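Data first, discussion second: the structure below is written as structure tokens.
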Amino acid sequence: MKKIFRYLLIFICIFFVIPAICTKSKSAIEVNQNNQYYENVEQNKAINDQKNETSKYNYTRFGKINLFHNKTGEIEEIPMDEYLYGTVSAEMPVNYEEEAIKAQAIVSRTYTIYQISKNKDKHGKADICDDFNCCQAWISRDERMKRWDENKREENWNKIVNAVNSTAGKVITYNGEVINAFFHSNSGGKTELVSNVWGGRNYPYIQSVETSGENEYDQFNSEVVISKNELIEKIKEKYPDVLIDFNVKDCIKILDYTESGRVKNIKFGNINLAGTEVRKILGLKSTNFNFKIEGENIIFSVIGYGHGVGMSQTGANSMAKEGYLCEEIIKHFYANVQIESW
Ligand SMILES: [Zn+2]
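Just add 19 to wherever you are in the sequence shown, counting from 1, and you've got the working numbering.
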């Protein structure tokens with residue numbers, strides 16, 4: 020009887036207890052595997068969260084901006100896209116090609132986000148101002164409409180709105196960071212490096228690039244005629260010790276040029292000035308200039324309009340006329356960049 024009981028016990032062990040233990044162990048492994056899986060998911064989620072936190076550039080974060088109005092001194096809170104309608108319509112002629120205006124919309128959006136994220140202290144509580152010499156030009160819808168022919172108002176405004184909306188959230192990045200998207204009116208055929216305009220370091224994504232067709236615009240050629248006395252007076256306002264003896268040969272002489280062919284330094288009698296400084300003093304449209312002395316006058320012949328850094332707006336329009344798309348235009352003026360949707 021004892022024997023039978025022993026065999027029964029062995030039988031139960033073989034067919035019930037051991038399989039039960041094994042099954043339990045298997046489940047435990049599965050649980051562990053599942054835990055590992057969920058741990059990995061959590062870890063990845065954490066990494067992604069961290070990435071989102073460090074990359075900071077969630078477009079929805081920039082839904083509203085604080086715009087400083089230079090004329091009134093007021094700060095206006097305004098939705099980003101609405102701000103861009105005003106900026107794009109103030110910065111680029113509405114009769115430019117659609118792809119050029121779309122490029123301007125992406126550039127202006129990028130420039131704005133750069134100001135907000137990297138240049139916070141520039142305007143105190145405001146993010147950006149409406150002066151084109153300082154940040155970007157901006158004009159209200161009402162003001163803009165008044166300046167257009169009545170029968171063109173709706174069509175023009177819709178063109179601007181469409182350029183901003185159809186590129187919504189698109190920004191230019193370099194190595195995942197938003198770029199400082201400089202732009203100007205007319206490069207005179209070749210764009211300029213940052214260091215030649217503002218000194219300091221260059222940006223890897225701002226190179227000197229050529230564009231054809233910029234000579235077809237009014238901004239390409241300009242002239243400033245100034246008398247010898249006027250010239251001395253103007254320079255004296257900032258450099259009181261200047262002495263120019265017009266009887267001396269080469270009393271005014273261009274000393275060197277930048278990589279893009281703009282005047283780097285120029286001698287006026289006993290002082291040397293940077294081309295950028297002369298541009299400011301004499302109100303020249305760019306630093307790409309030459310001069311000749313005729314009788315009592317000095318004639319400065321200037322090519323291009325603006326500092327020459329980044330996207331040339333007339334260059335963008337020329338490219339658009341040739342069939343280039345907005346992203347291609349942007350990648351021409353900014354080297355090795357990406358256009359991302361935020
Ligand atoms: Zn400003």
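Glycine included, every Cβ here is placed at the ideal spot set by N, Cα and C. In this text the structure is predicted, and so the values were computed from the model without any measurement.
With respect to N221, S214 sits close: the two C-beta atoms are nearer than 7 Å.
Excluding sequence positions up to five before and after M330, its CB lies within less than 6 Å of the CB of V126, F202 and F352, all in the same chain and listed in chain order. For K83, the uninterrupted beta strand (DSSP E) segment begins and ends at K83 to F87.
With a minimum length of 4 residues, the unbroken runs of alpha helix (DSSP H) contained wholly in the segment 138-190 fall at 160-165 and 172-184. In this structure, ligand 1 has no non-hydrogen atom nearer than 6 Å to the beta-carbon of C345.
Annotation for R298: S305 and T306 place their beta carbon closer than 7 Å to its own, counting only its chain and skipping 5 residues before and after.
The secondary-structure analysis by DSSP pairs K209 across a beta bridge with E229.
DSSP places K286 inside the beta strand (DSSP E), whose first and last residues are V282 to F287. Of the candidates N309, E315, Q123 and F239, the residue whose Cα lies closest to the Cα of F265 is E315. With respect to the 7 Å criterion, N85 and A145 are classified as neighbours on the basis of their beta carbons. A residue is called buried when at least 16 other Cβ atoms come within 10 angstroms of its Cβ; I349 meets this threshold and is buried. Between V328 and T210 the beta-carbon gap is near 7 Å, inside 8 Å, which marks them as a contact. For A109, the closest of F151, E117, T129 and I245 by C-alpha to C-alpha distance is F151. Under the DSSP assignment, V243 falls in the beta strand (DSSP E) whose first and last residues are N240 to S246.
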